[in-house]
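S.K.: Residue 30 is where the sequence shown starts when you use our numbering, and the numbers rise one by one after that.
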Amino acid sequence: MEKQLKMMQEQIEALKSTKASSQDVKDLKDQVDAQSKEVVVAGDIPGSFRIPNTDTSIRLYGIAELNYVKEFKGDNRNSDYASYLPSVPLDGTTGGRRRSGESYMHARTSRIGIEGAMPSPYGQLGVKVEGDFNNNRGGSNGSVVGGPDGAAGYTNGYQFRLRHAYLTMGPWLFGQTWGTFMDVDNAPETIDFNGPNGNTTIRQPMVRYTYQTPQYGNFIAALENSTSYVLDPTGGGQGGVYTIGEASAKNPDLVLRWDKPFTWGAVSLGLVSHELRLDDGDTGNVDDTRRGYGVRASGSIKAWGNDTFFWNVTAGDGIGRYMNGIEGAGYDTVRQRIVLERAVGLTLGYQHRFNDQWRMNVVYGGQRSRDGEYRDWAIANGLHSGATAGQWALNKRLDQLHVGAIWAPMKATAAGGTPPVEIGVEYMYGRRETIAGEHGDMSRLNFLARYNFN
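#1: Taking Tyr403 as part of the alpha helix (DSSP H), name the residues at either end of that continuous run.
#2: For Arg484, which residues of its own chain have a beta-carbon under 6 Å away from its beta-carbon, when the five flanking residues on both sides are left out?
#3: Which parts of the stretch 327-355 are runs of the alpha helix (DSSP H), unbroken and 4 residues or longer, counting only runs that do not cross its ends?
#4: Applying the 10 Å Cβ sphere with the 16-neighbour rule, what's the burial state of Lys102?
#5: Can you tell which of Pro225, Ala443 and Pro448 has the C-alpha that lies nearest to the C-alpha of Trp436?
#6: Quick one: residues in its chain with C-beta nearer than 8 Å to the C-beta of Arg190, no 5 flanking neighbours on either side, listed in chain order?
#7: Alpha carbon to alpha carbon, how far is Pro118 from Gln365? Give it in angstroms, no decimals.
#8: Please classify Gln205 as buried or exposed, where buried requires at least 16 other C-beta atoms within 10 Å of its C-beta.
#9: According to DSSP, what are the bridge partners of Val391?
#10: Spell out a yes or no on whether the stretch 388-396 and the stretch 222-236 are touching, meaning 3 or more CB-CB pairs, one atom from each, closer than 8 Å.
#11: Look up Pro225 in the DSSP assignment and say whether it is helix, strand or coil.
#12: Between the stretch 196-211 and the stretch 330-340, do three or more beta carbon pairs fall short of 8 Å?
#13: Leu89: buried (16+ other C-beta within 10 angstroms of its C-beta) or exposed?
#14: Which residue or residues does DSSP assign as beta-bridge partners of Ser132?
#15: Is it a yes or a no for the stretch 449-458 touching the stretch 240-252, going by three-plus beta-carbon pairs under 8 Å?
#16: What is the DSSP secondary structure of Ala465, counted as helix, strand or coil?
#17: Are the Cβ atoms of Gln380 and Arg371 separated by less than 8 Å?
#18: How would you call Met134, buried or exposed, if buried means at least 16 neighbouring beta carbons within 10 angstroms?
#19: In angstroms, rounded to a whole number, what distance separates the CA positions of Ala111 and Thr83?
#20: According to DSSP, which residues form a beta bridge with Arg471?
#21: Between Tyr195, Leu430 and Phe482, which lies nearest to Thr442 when the distance is taken from Cα to Cα?
#22: Could you please give the first and the last residue of the uninterrupted beta strand (DSSP E) stretch that includes Thr239?
#23: Would you check if the stretch 394-414 and the stretch 298-311 touch, i.e. whether three or more CB-CB distances between them fall below 8 Å?
#24: Out of curiosity, what's the CA-to-CA distance linking Ala216 and Arg232?
#25: Taking only three categories from DSSP, how would you classify Leu119?
#26: Out of curiosity, what's the CA-to-CA distance linking His468 and Val432?
#27: Does the Cβ of Phe4 have 16 or more other Cβ atoms within 10 Å, making it buried, or fewer, making it exposed?
#28: Can you name the start and end residues of the alpha helix (DSSP H) that Thr417 belongs to?
#29: Leaving aside the five residues before and after Leu252 along the sequence, list all residues of the same chain whose C-beta is less than 6 Å from its C-beta, in chain order.
#30: Using a 10 Å radius around the Cβ and a threshold of 16 neighbouring Cβ atoms, would you call Thr219 buried or exposed?
#31: Once you ignore the five residues that flank Met211 on each side, which residues in its own chain have a CB closer than 7 Å to its CB?
#32: Please classify Met471 as buried or exposed, where buried requires at least 16 other C-beta atoms within 10 Å of its C-beta.
#33: What residue from Pro115, Phe339 and Val315 has the CA that sits closest to Pro262's CA?
#34: Please list, in chain order, all residues of the same chain as Thr272 whose beta carbon is under 6 Å from its beta carbon, the five residues on each side excluded.
#35: When you compare only the Cα positions, how much space is there between Gln429 and Arg461?
#36: Can you check whether the CB of Leu477 is closer than 8 Å to the CB of Glu94?
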């Protein structure tokens with residue numbers, strides 16, 4: 030169609046040069062105008078279209094999916110739509126003895142987004158807004174509260190939740206997206222929404238700058254939204270551990286990162302420093318500030334055929350929310366001091382592609398909390414054991430294994446694109462060990478049917 034319009038435009042110019050009748054020129058111009066209204070011009074970003082009479086490209090995308098979960102052990106009603114190993118009921122407790130084999134379905138992780146781009150004197154301008162429905166009806170955080178009661182008991186109407194909302198202008202990014210410390214590109218694939226422990230999953234507002242070099246890779250620096258997450262030993266909340274109300278950070282988190290692709294794979298390094306601060310105001314009973322930090326090394330290695338090996342090592346002192354499944358810090362009321370948790374996490378993944386339609390993933394995630402003042406503080410306040418803190422007792426060790434397969438019955442419409450339909454199944458096993466040495470296990474099957482559009 031675009032070629033036809035171009036030919037008609039050329040014919041109009043030719044008629045003008047030969048002094049053809051104005052009626053002939055008008056008739057041909059009317060044909061061009063009529064057909065122009067039917068043309069959808071491809072945009073500058075893959076899968077996009079151009080808004081008529083502008084340089085703005087728009088892309089609509091999303092997924093509609095159904096998850097069916099069959100739980101065999103480790104019933105956890107507070108986060109049943111996806112695994113959350115750190116609070117699985119401990120063996121010998123009421124929850125730990127539950128083996129009811131509960132099952133449930135949900136579509137709450139379906140999502141929709143819009144992406145746009147246009148040229149500017151400062152480089153290409155880009156915008157992205159994306160959300161899903163992973164918030165409970167009446168709840169503020171669907172990743173924490175997701176039981177079979179509430180919304181699931183009636184219409185299953187979950188609330189919309191913001192995932193991404195940002196503007197890019199050349200090397201700059203302003204807005205909310207995946208944290209710079211998190212290596213999304215080299216994360217192994219799981220059907221379980223939360224994925225393995227030992228790595229980072231975080232989205233937050235930020236200002237980010239990327240300096241690209243063809244030879245030495247990308248150098249990235251970001252200032253990101255800071256949240257001071259510190260446990261209070263005095264009780265309340267979930268079994269005696271909760272985030273203290275006076276927690277507030279004055280300074281944004283600082284993140285530095287380096288990425289480099291190679292012919293054999295990719296490597297990424299990350300560093301984060303964030304403020305942990307407590308201040309209860311006039312009383313002065315709670316007032317302390319410390320800095321937590323974390324380091325990460327991750328990457329991927331191309332294996333046999335189209336197979337890929339993924340790896341991620343994350344460690345830190347007071348790293349907190351930058352590592353899945355740990356708390357990160359607590360407040361010692363005796364010494365009036367924030368104590369930091371030292372932790373290390375490891376994630377390994379292997380993806381085998383049998384062909385264009387079938388792929389299999391084996392993923393391990395684990396983490397360890399090291400001995401130190403945080404462990405001593407937990408023991409002194411009874412947070413180390415299920416006998417005193419219930420299922421929310423603090424952990425020394427977490428291990429998690431995912432084995433799954435995904436079938437794509439239809440090929441992707443574009444090279445390197447996502448297949449429109451994916452059907453998968455995954456078995457997951459996890460085991461936790463508290464500081465006191467108690468154990469809790471979970472195992473489940475997760476079935477997925479997903480439609481990806483654009």
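Beta carbons are placed, not taken as given, at the ideal position from N, Cα and C, and that holds for glycine.
M.R.: Looking at the atomic coordinates:
#1: Glu402 to Ala409
#2: This structure cannot settle anything about residue 484, because the visible part of the chain is limited to 30 through 483.
#3: none
#4: buried
#5: Pro448
#6: Gly160, Asp161, Phe162, Asn163, Asn164 and Gly171
#7: 32 Å
#8: buried
#9: Tyr379 and Val432
#10: yes
#11: coil
#12: no
#13: exposed
#14: Lys99
#15: no
#16: coil
#17: no
#18: exposed
#19: 43 Å
#20: The sequence given here has Met at residue 471, not Arg. Paired residue(s): Gly459.
#21: Phe482
#22: Arg232 to Thr242
#23: no
#24: 15 Å
#25: coil
#26: 22 Å
#27: The question about residue 4 has no answer, for the chain in this structure spans 30 to 483.
#28: Gly415 to Ala418
#29: Val236 and Pro281
#30: buried
#31: Thr229, Thr230 and Ile231
#32: buried
#33: Val315
#34: In this prediction, Thr272 scores a pLDDT of 49, lower than 50, which makes its location untrustworthy; the coordinate-derived value is nonetheless stated afterwards. Once the five neighbours on either side are set aside, the close Cβ partners of Thr272 are Tyr258.
#35: 9 Å
#36: yes
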